[in-house]
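**Q** Let me give you the structure first, and then I'll get to my questions.
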C-alpha cells in the first residue's frame, strides 16, 4: 500500500464528516502497513474544540497500542494540521505526517508556521500535497453549500 491508498482512506473519513455537517477533514494512522485508527472531525457533534480528526485519531491509536507514544506510525490527514494538532503529533512521537490540502489560514507544518522549525524534542517527517486537489475540492464544496 502507498500514500495514495491511505490518503483515500482519510478522504473516506472526511466524507463521513461532511455527511453529518462537520467540516470534512479525515485522518487515519498507519503502523506497519495496517490502519490502527480512523477519525473525522466531530467538533460540532461533540461541542468540543478538541475533536479535530487528528486528535481523535491520535487518541484512538494510543488506545489501540496501549501507550502515548506512537512509534513507526504515519498520520494521513486531508488538511494540513493546525497548531493544536501539530502539538499532539509531536507529543505522540508520530514519525511521519502526510497531508492533502495546505491550510493557508491555520497550517502548522509550513503554511502559517512550521512547528518543525522550533527546537522541539521530536520532528516528524512531513509530506504535503498528496491528493491535494481532491482534499481541497471536498472542503471548498462543503463551504459553498454552507454559504
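In our numbering, the protein residues as written are 4 to 150.
Yeah, the Cβ is synthetic: ideal placement off N, Cα and C, and Gly gets one too.
1) CB-CB under 8 Å to residue 65, same chain, minus the five flanking residues each way: which ones, in chain order?
2) For residue 135, which residues in the same chain have their Cβ closer than 8 Å to its Cβ, ignoring the five residues on either side in sequence?
3) Should residue 78 and residue 129 be called a contact, given that it needs their Cβ atoms to be closer than 8 Å?
4) Identify every run of the beta strand (DSSP E) within the stretch 85-128, keeping only runs that are complete inside it and at least 3 residues long; order them along the chain.
5) Can you check DSSP and say which residues form a bridge with residue 76?
6) Got a sec? Which residues, its chain only, sit under 6 Å from residue 82 by beta carbon, not counting five neighbours each side?
7) For the 8 Å Cβ check, are there 3 or more pairs between the stretch 111-118 and the stretch 48-65?
8) Which residue wins for smallest C-alpha separation from residue 147, given the options 10, 40 and 26?
9) Within a Cβ cutoff of 7 Å, which residues of the same chain sit near residue 122, ignoring the five residues on either side of it in sequence?
10) Identify, in the order they occur along the chain, each residue of the same chain with its Cβ nearer than 6 Å to the Cβ of residue 97, setting aside the five sequence neighbours on each side.
11) Return the chain-ordered list of same chain residues with a C-beta closer than 8 Å to the C-beta of residue 9, the five sequence neighbours on each side being excluded.
12) Look at residue 198 and residue 56 and say whether their C-beta atoms are less than 8 Å apart.
13) Which residue's Cα is closest to the Cα of residue 36: 60, 5, 59 and 142?
**A** This is what the structure holds:
1) Translated into positions along the chain shown, residue 65 becomes position 62. These residues qualify, in order along the chain: 71, 73 and 95.
2) The residue labelled residue 135 in the question sits at position 132 within the chain shown. Counting only Cβ-Cβ distances below 8 Å, and skipping sequence neighbours, we find 103, 104 and 105.
3) Residue numbering aside, residue 78 sits at position 75 when the chain shown is read from its first letter. Residue numbering aside, residue 129 sits at position 126 when the chain shown is read from its first letter. Their beta carbons are not under 8 Å apart, which means residue 78 does not touch residue 129 by this criterion.
4) 99-104
5) The residue you call residue 76 lines up with position 73 of the chain shown. Residue 76 is bridged to 34.
6) Start at 1 with the first residue of the chain shown, and residue 82 comes out as number 79. Excluding residues within five positions, the ones whose Cβ falls inside 6 Å are 28, 104 and 106.
7) no
8) Counting from one through the chain shown, the residue named residue 147 turns up at place 144. Taking only the C-alpha atoms, the option nearest residue 147 is 26.
9) For the purposes of this step, residue 122 is taken as residue 119 along the chain shown, with counting starting at 1. There are no such residues.
10) By 1-based counting over the chain shown, the position of residue 97 is 94. So the list reads 73, 76, 78 and 127, once near-sequence residues are dropped.
11) On the chain shown, residue 9 is found 6 positions in, with the first residue counted as 1. For residue 9, where only same-chain residues beyond five positions count, the Cβ hits under 8 Å are 31, 33, 38, 77, 79 and 101.
12) For residue 198 there is no data in the structure shown, the boundaries of the chain being 4 and 150.
13) Here residue 36 corresponds to residue number 33 of the chain shown, with the count starting at 1. That would be 5, whose Cα lies nearest to the Cα of residue 36.
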